[in-house]
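Undergrad: The structure that follows is given in the form of structure tokens.
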């Protein structure tokens with residue numbers, strides 16, 4: 006096998022770099038990585054990823070180490086009714102997170118001071134934890150997580166909406182008897198920062214739709230898709246893309262004029278309007294229909 | 021800010037080039053190998069207090085780098101990131117005609133076979149040590165070695181014959 010040794014060693018030698026970056030550069034990257042892990046994790050739908058290895062579980066890598074038998078890489082491991090894809094080569098050190106409504110929300114990062122919650126802050130239940138990653142001893146990959154999956158919340162834990170906050174921004178759950186806030190992080194931030202809608206003052210919800218009324222015989226009306234624009238008394242506008250099923254938007258308390266446009270109404274050139282201003286109250290829900298009047 | 025430990029600096033200075041060579045032999049791409057080895061050292065910096073106690077911290081770095089290469093294979097975008105970080109592929113000393121064939125043959129093998137071939141034939145690990153490092157059974161190492169050698173030996177035989185005829 007000498008020739009194979011030589012041949013492979015020559016290939017390895019050929020790839021050896023003649024220079025290497027200063028270690029201080031990597032130390033700086035390590036510091037940045039520590040500050041960025043929560044954001045990266047959230048983008049991936051999980052917590053901090055530590056590419057660790059078997060030694061991390063089994064202690065110092067001595068030659069007497071006993072390798073723990075593990076399933077092959079990629080083997081699905083069932084925990085309760087949940088199926089996760091696991092890795093032999095990666096240990097995941099999850100942050101405290103839960104995924105619900107297609108959104109990943111984390112606890113403990115992204116806000117300072119961190120919001121505290123009381124039982125009177127809770128609104129309705131928006132989900133129930135069905136799967137817990139930590140049951141896989143950190144081996145579950147964070148890919149393709151289904152809704153109502155959490156890292157540490159026990160299976161069966163109710164997930165609550167919080168009064169005044171879009172559940173896509175802030176929810177609550179109890180862990181070890183304590184009420185904890187879970188916040189959506191800002192994917193565009195370079196550090197772990199909660200979305201403004203998660204940490205700002207409470208807002209109010211507005212639900213409604215865009216619809217045509219009138220027309221020949223009064224039969225041309227119906228829900229249509231388009232865009233609805235809320236204009237506050239201070240002139241600040243918030244646009245919402247609306248489907249036929251209507252919209253739900255969270256706005257700062259105040260009064261708003263509501264207008265809209267639709268490709269189904271005067272080729273998008275006509276303006277649809279609500280019959281009256283809508284008043285948004287924190288923690289409450291208002292309803293508004295935006296009407297496109299057909300002659 | 022804590023000063024970087026001297027033993028970590030020594031490990032980095034003494035092993036970086038060797039690790040890049042080994043990982044590049046597995047991945048077939050020096051840029052990707054450098055990215056993986058640097059990524060492994062970045063993780064080592066954070067975990068140095070613990071890894072420093074290991075018998076062979078370099079083995080830890082190598083294993084993490086192998087893991088990163090495996091992960092990156094599933095993420096093409098990371099290849100783009102490596103190019104952005106390191107620029108276009110560097111000029112690598114060109115292999116001889118014989119070695120081109122061997123490099124290609126090596127690159128055509130499954131990643132697992134390349135890993136065991138390099139760990140055993142370049143790093144010099146035993147089958148059991150390679151199995152520990154890769155987290156697989158010794159029998160798996162043996163079978164991968166056997167298949168890998170079987171794929172490369174014909175080329176080596178040709179090379180020897182060619183030299184014999186010369």
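Chains as they are written, first to last, in the numbering used here: chain U, 6 to 300; chain S, 21 to 186.
For each residue, glycine too, the CB sits at the ideal point set by N, CA and C.
From a predicted model like this one, the values you see are computed outputs, not experimental measurements.
Is there a Cβ from chain U that is less than 8 angstroms from the Cβ of residue 66/S?
TA: Cβ-Cβ to chain U under 8 angstroms: yes for residue 66/S.
Undergrad: Which same chain residues, not among the five before or five after residue 166/S, have their C-beta less than 8 angstroms away from its C-beta?
TA: Excluding residues within five positions, none has a Cβ falling inside 8 angstroms.
Undergrad: Is residue 127/S helix, strand or coil when you go by DSSP?
TA: Helix.
Undergrad: Please classify residue 246/U as buried or exposed, where buried requires at least 16 other C-beta atoms within 10 Å of its C-beta.
TA: Looking at its Cβ environment, which holds fewer than 16 other Cβ atoms inside 10 Å, residue 246/U is exposed.
Undergrad: Would you kindly report the start and end of the unbroken alpha helix (DSSP H) that includes residue 51/S?
TA: Here the alpha helix (DSSP H) through residue 51/S covers 50-71.
Undergrad: Please tell me whether residue 123/U has its Cβ less than 8 angstroms away from any Cβ of chain S.
TA: It does not; no Cβ of chain S falls within 8 angstroms.
Undergrad: Less than 8 angstroms between the CB atoms is what I'm expecting for residue 184/U and residue 111/U, so what's the real figure, rounded?
TA: 16 angstroms between Cβ atoms; not a contact.
Undergrad: Distance, Cα to Cα, residue 139/S vs residue 37/U?
TA: Taking the straight line from one Cα to the other gives about 32 angstroms.
Undergrad: With distances taken from CA atoms, which of 142/U, 193/U, 280/U is nearest residue 214/U?
TA: Residue 280/U is the option with its Cα nearest to residue 214/U.
Undergrad: Mind checking who residue 3/U pairs with in its DSSP beta bridge?
TA: Because chain U is modelled from 6 through 300, residue 3/U falls outside the range shown and cannot be assessed.
Undergrad: For chain U, check one thing: does any of its Cβ atoms lie closer than 8 angstroms to the Cβ of residue 34/S?
TA: Residue 34/S does not count as touching chain U.
Undergrad: Taking DSSP as the reference, what is the three-state secondary structure of residue 236/U?
TA: Reduced to three states, the DSSP call for residue 236/U is strand.
Undergrad: When DSSP labels each residue in this structure, what does residue 164/S get in the three-state scheme?
TA: In the structure shown, residue 164/S sits in a helix (DSSP, three-state: H, G or I).
Undergrad: If you check the beta carbons only, do residue 179/U and residue 154/U fall under 8 angstroms apart?
TA: No, Cβ-Cβ distance for residue 179/U and residue 154/U is not below 8 angstroms.
Undergrad: Check the C-beta distance from residue 56/S over to residue 85/S and give it rounded, since I have them as a contact under 8 angstroms.
TA: So it is a contact: roughly 4 angstroms between Cβ atoms.
Undergrad: At a CB-CB cut-off below 7 angstroms, which residues of chain U make contact with residue 55/S?
TA: Per Cβ cutoff of 7 angstroms: no residues; residue 55/S is ~11 angstroms from chain U at best.
Undergrad: Tell me which residues of the stretch 140-173 of chain U have at least one Cβ-Cβ distance to chain S shorter than 9 angstroms, keeping chain order.
TA: Listed by position along the chain: nothing, the set is empty.
Undergrad: With DSSP as the reference, label residue 174/U as helix, strand or coil.
TA: Of the three classes helix, strand and coil, the one that applies to residue 174/U here is coil, per DSSP.
Undergrad: Could you compute how far the alpha carbon of residue 170/U sits from the alpha carbon of residue 275/U?
TA: The straight-line gap from Cα to Cα measures roughly 33 angstroms.
Undergrad: Who are the neighbours of residue 95/U on chain S, taking C-beta pairs under 8 angstroms?
TA: Those are 87, 91, listed as they occur along chain S.
Undergrad: Would residue 108/U and residue 137/U qualify as a contact pair, given that the criterion is a beta-carbon distance under 8 angstroms?
TA: No, the Cβ-Cβ distance between residue 108/U and residue 137/U is not below 8 angstroms.
Undergrad: Throw me the rounded Cβ distance for the residue 163/U and residue 133/U pair, which I believe falls under 8 angstroms.
TA: So it is a contact: roughly 6 angstroms between Cβ atoms.
Undergrad: CB-CB under 6 angstroms to residue 204/U, same chain, minus the five flanking residues each way: which ones, in chain order?
TA: So the qualifying residues of the chain are 116.
Undergrad: Looking at chain S, is there any beta carbon in it that lies within less than 8 angstroms of the beta carbon of residue 18/U?
TA: Answer yes: the Cβ-Cβ gap between residue 18/U and chain S drops below 8 angstroms somewhere.
Undergrad: When DSSP labels each residue in this structure, what does residue 273/U get in the three-state scheme?
TA: The answer is helix: DSSP assigns residue 273/U an H, G or I state.
Undergrad: Short check: CB of residue 211/U to CB of residue 251/U, under 8 angstroms?
TA: In this structure, residue 251/U does not lie closer than 8 angstroms to residue 211/U by Cβ.
Undergrad: Run the CB neighbour count on residue 27/S, radius 10 Å, all protein chains shown included, and call it buried at 16 or more, exposed below.
TA: When all chains shown are included, residue 27/S counts as exposed.
Undergrad: What would DSSP say about residue 163/U, mapped onto helix, strand or coil?
TA: In this structure, residue 163/U counts as strand in the three-state DSSP scheme.
Undergrad: Counting only beta-carbon atoms, is residue 26/S nearer than 8 angstroms to chain U?
TA: Taking Cβ atoms only, chain U never reaches closer than 8 angstroms to residue 26/S, which makes this a no.
Undergrad: Return the chain-ordered ranges of every alpha helix (DSSP H) run that is complete within the stretch 23-51 of chain S and spans a minimum of 4 residues.
TA: 26-47, all fully within the stretch 23-51 of chain S.
Undergrad: Determine the DSSP secondary structure at residue 16/U, reduced to helix, strand or coil.
TA: Helix, per DSSP.
Undergrad: Give me whichever residues DSSP pairs with residue 262/U in a beta bridge.
TA: Beta-bridge pairing links residue 262/U to 236/U.
Undergrad: How big is the Cα-Cα spacing for residue 285/U and residue 238/U?
TA: Their Cα atoms are separated by approximately 12 angstroms.
Undergrad: Please report whether the beta-carbon of residue 136/S lies at a distance below 8 angstroms from any beta-carbon of chain U.
TA: With 8 angstroms as the cut-off, residue 136/S does not count as an interface residue toward chain U.
Undergrad: How is residue 106/U classed by DSSP in three states: helix, strand or coil?
TA: Residue 106/U: coil per DSSP, three-state reduction.
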